[in-house]
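Respectively, the protein sequence lines represent chains B and V.
With the numbering used here, letter number 278 in the first sequence gets 942, and the count goes up by one each step, no holes.
With the numbering used here, letter number 150 in the second sequence gets 201, and the count goes up by one each step, no holes.
For reference, the structure discussed in these notes is given below.
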Amino acid sequence: MAEIRNYTMNFGPQHPSAHGVLRLILEMDGEVVQRADPHIGLLHRGTEKLAESKPYNQSIGYMDRLDYVSMMCNEHAYVRAIESLLGVEAPRRAQYIRTLFDEVTRILNHLMWIGTHGLDLGAMALFLYAFREREQLLDCYEAVSGARMHATYYRPGGVYRDLPEQMPQYTETPWTKGDDLKRVNEWREGSMLDYFDAFSQDFYDRVDEYETLLTDNRIWKQRTVNIAEVSAERAIELGFSGPMLRGSGVAWDLRKKQPYAAYDEVEFDIPVGTNGDCYDRYLVRMEEMRQSNRIIQQCVKWLRENPGPVMIDNQKIIAPTREEMKDDMESLIHHFKLFTEGYCVPEGESYAAVEAPKGEFAAYIISDGSNKPFRLHLRAPGFVHLAAMDEMVRGHMLSDVVAVIGTQDIVFGEIDR
Amino acid sequence: MLEKSAMLPDRLRDTLGDLALDIFEAPTGVTAEVAASSWVECCRLARDELGFEQLVDLCGVDYLSYGEDEWDTDDATSETFSRGIEGDGGPGRFDWAGRPTNVSGQRFAVVAHLLSISNNERLRLRCKVPDDEVPAVASLVDTWPSANWFEREAFDMFGIIFEGHPDLRRLLTDYGFIGHPFRKDFPLIGNVEVRYDPEKGRVIYQPVSIEPRVLVPKVIRSDSRYGQQSAKGGSRG
């Protein structure tokens, strides 16, 4: 009889289901995984060290590039860490705008996740639908900051500017004209808040549509039910957060438990799973999209009724406006100092966490009183989740590895940093 | 949450006793400094007695050049702001040959952030690593499994050795990488660069050809607005 022995298999780094540049060394017994050793760092850019060489303000853009599908949530953690060191707080309207865009970001992230997760497990159509809605929300990113993805919209002390009064419209092209043009501009007649209204009314039905494609789908269930089960105790031990923790039945959500921005004033529910398998985590994320939509509606309502400043009035931290600079010497000096030297942050340290779509994303800043962070450490949820990869895939089939990568919602920008 | 947080330093003092070198509370959270010799013991006490069941984050810190500025702001000088750019010392502005070598004192620290899900509290534990040459501290993997990759990262980035770690390999840097990139005496531009060599027909490593350059010197200004705040916020203890 032939001798049977384990063999080692290389998965990635260039593999469409590796969600970036994950290299997995898999020790296989037939088609069953005995051990998985993730090799990461192929996207390591040294963000933390780069930030230490720059004034505080100049690193906000790096945060977008960490978890590049939940951009503004990363900014939020970083900005909040600086604000708590400076002892300033953004105006209420800015807090609501941040809440609004955090939830937009959560939907963006979950749409990306369900699209690619579905694609990995053989549900092609969903990807196209998810990206249709994603595009509508990326337009909001663009309208508010000028960039579709890497927004740099949150600033210490508030947000860059107020929401636009007029949502940008499509112009006529040889391919989009007449009725087509009218249709694509239908939501864009009014302000951005009107656009959000139209979107959020429409979006519940969209999530229902996604669910009709997957939730009772026999293939989908075969690929996800009872795959990579994690008990609640183990999930806590492993440091899980976000949907990975809630999927295991722990009702822990920083938005509720340690509220920041305007989360203490909006109503929403925390969905939790029971079995802690891939299917439960899928259901949790789907429900989170609905809850995010609910928060968006409440924020839009509040923002309509409460105009006000979106940035604190403190020129030691915030650059003056263009107009002020034209005829005010003090403003010109402030502007010059802020953009050459930056501002000094008092000595101390701060760990600011936000409930990012993937879990707890946090920025830990040590300041020695200078204009640059002495040490910046970024706590990425995906990093912790990927560390548990070995444990989650042991004893599963090779094809389930793909399901686990999908369910962990891996994005390498934040893991490698 | 706020009330509990106000009590936390007291409970910490009761639980840790003499093991804690310093416990202080800032608006940004509660911090306990512990000695490297009792690092694991303190962490276990925090987990079992104080209910911190989750290790949320663990990272290394290199305190070299802490509080040193690169451009004098106390007095009027003949040197303008831009001259600070040519100053020596400070992170990122030296090449490998000119790196600072004679450093004394406790340079490295390990900082752990704990989270109690049951009590909804956070705690920061810091431990100064005694030896600068061979920084080593006990591993927390047996206390919290989530420490595994965090410690591998700290080892990779700072060269801090975690004794008792089951699998202390490099994590983020390239295969065959030399040095610990997040140390303050590691140049920001790195030491080597890669390029394709058409003669050899493969990718080769060569010494980095970029000049180290910093556009904004590090400046420390004592701001009267933060006078009271920084009194205890100081993290060097």
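Beta carbons are placed, not taken as given, at the ideal position from N, Cα and C, and that holds for glycine.
Annotation for Ile1069 (chain B): no beta strand (DSSP E) segment contains it, though the alpha helix (DSSP H) segment containing it runs Leu1062 to Thr1071.
Contacts with chain V (Cβ-Cβ distance below 7 Å) from the stretch 893-907 of chain B involve Ile900, Glu901, Leu902 and Gly903, listed in chain order. The alpha helix (DSSP H) runs lying completely inside the stretch 925-999 of chain B and spanning 4 residues or more are 942-969 and 986-991, given in chain order. C-alpha of Glu100 (chain V) to C-alpha of Ala83 (chain V): approximately 15 Å in a straight line. Per DSSP, the unbroken beta strand (DSSP E) holding Ser1031 (chain B) starts and ends at Gly1023 to Ser1031. Taking C-beta atoms under 8 Å as the contact rule, Ser748 (chain B) and Ser1014 (chain B) qualify, at a distance of about 5 Å. Taken atom to atom, the span from the alpha-carbon of Leu878 (chain B) to that of Ala1067 (chain B) is near 14 Å. DSSP lists V:Phe75 and V:Arg175 as the bridge partner or partners of Thr82 (chain V).
Relative to the Cα of Leu690 (chain B), the nearest Cα in the group B:Leu707, B:Ser681, B:Tyr671 and B:Gly705 belongs to B:Tyr671. Residues of the stretch 1028-1051 of chain B that bring their beta carbon within less than 7 Å of a beta carbon in chain V comprise Tyr1028, Ile1030, Asp1032, Gly1033, Ser1034, Asn1035, Lys1036, Phe1038, Arg1039, His1041, Arg1043, Phe1047, Val1048 and Ala1051, in sequence order. Listed along chain V, the residues sitting closer than 7 Å to Lys921 (chain B) by beta-carbon distance are Asn171.
The distance from the Cβ of Phe675 (chain B) to that of Ala666 (chain B) is about 25 Å, inconsistent with a contact at the 8 Å cut-off. The Cβ atoms of Leu686 (chain B) and Phe1076 (chain B) sit closer than 8 Å to each other. Runs of alpha helix (DSSP H) with 4 or more residues, each lying fully within the stretch 859-907 of chain B, are found at 882-888 and 896-901, listed in chain order. Spanning the alpha carbons of Glu797 (chain B) and Asp65 (chain V) requires a straight line of approximately 54 Å. Neighbours of Cys1008 (chain B) in chain V, taken as residues whose beta carbon is under 7 Å from its own, are Val270, Ile271, Arg272 and Asp274 in chain order. Among the residues of chain B, those whose CB is under 8 Å from the CB of Leu106 (chain V) are Gly903, following chain order. Taking 7 Å as the upper bound on Cβ-Cβ separation, chain B lies near residues Trp195, Pro196, Ser197, Asn199 and Trp200 of the stretch 190-210 of chain V.
For Val914 (chain B), the neighbours in chain V by C-beta distance under 9 Å run, in chain order, Ile168.
By the criterion of a C-beta distance shorter than 7 Å, His1041 (chain B) is surrounded in its chain by Glu712 and Tyr1028, once the five residues flanking it on both sides are discounted.
Among the residues of chain B, none has a CB under 9 Å from the CB of Arg264 (chain V); the nearest is roughly 10 Å distant. Under the Cβ distance rule, Ser809 (chain B) does not count among the residues neighbouring chain V, no pair being separated by less than 8 Å.
With a 10 Å radius around the Cβ and a threshold of 16 neighbouring Cβ atoms, Ala1044 (chain B) comes out buried.
Under the three-state reduction of DSSP output, Pro60 (chain V) falls in the helix class. Rounded to the nearest whole angstrom, the C-alpha separation of Pro258 (chain V) and Gly786 (chain B) is 47 Å.
If you ignore the 5 residues before and after His999 (chain B), its C-beta comes within less than 7 Å of the C-beta of Ala983, Pro984 and Met989, all in its own chain and listed in chain order. The alpha-carbon of Ser190 (chain V) is positioned some 53 Å away from that of Arg986 (chain B). From the listed residues B:Lys980, B:Val1009 and B:Met692, the smallest Cα separation to Leu996 (chain B) is found for B:Lys980. Using a Cβ-Cβ cut-off of 8 Å, Glu1005 (chain B) counts as an interface residue toward chain V, since at least one Cβ of chain V sits closer than that to its own. Per DSSP, the unbroken beta strand (DSSP E) holding Gly1012 (chain B) starts and ends at Gly1012 to Ala1020. Taking 8 Å as the threshold, the shortest C-beta distance from Gly118 (chain V) to chain B falls below it. With the criterion set as a beta carbon lying under 8 Å from some beta carbon of chain B, the members of the stretch 172-183 of chain V are Arg173 and Arg175, in sequence order.
The shortest C-alpha to C-alpha distance from Gln865 (chain B) to any of B:Trp777, B:Gly1023, B:Lys1001 and B:Lys965 is the one to B:Lys965. For His708 (chain B), the closest Cβ of chain V is nearer than 8 Å. The Cβ atoms of Glu1078 (chain B) and Asp731 (chain B) sit closer than 8 Å to each other. For Cys804 (chain B), the enclosing alpha helix (DSSP H) starts and ends at Met788 to Ser809.
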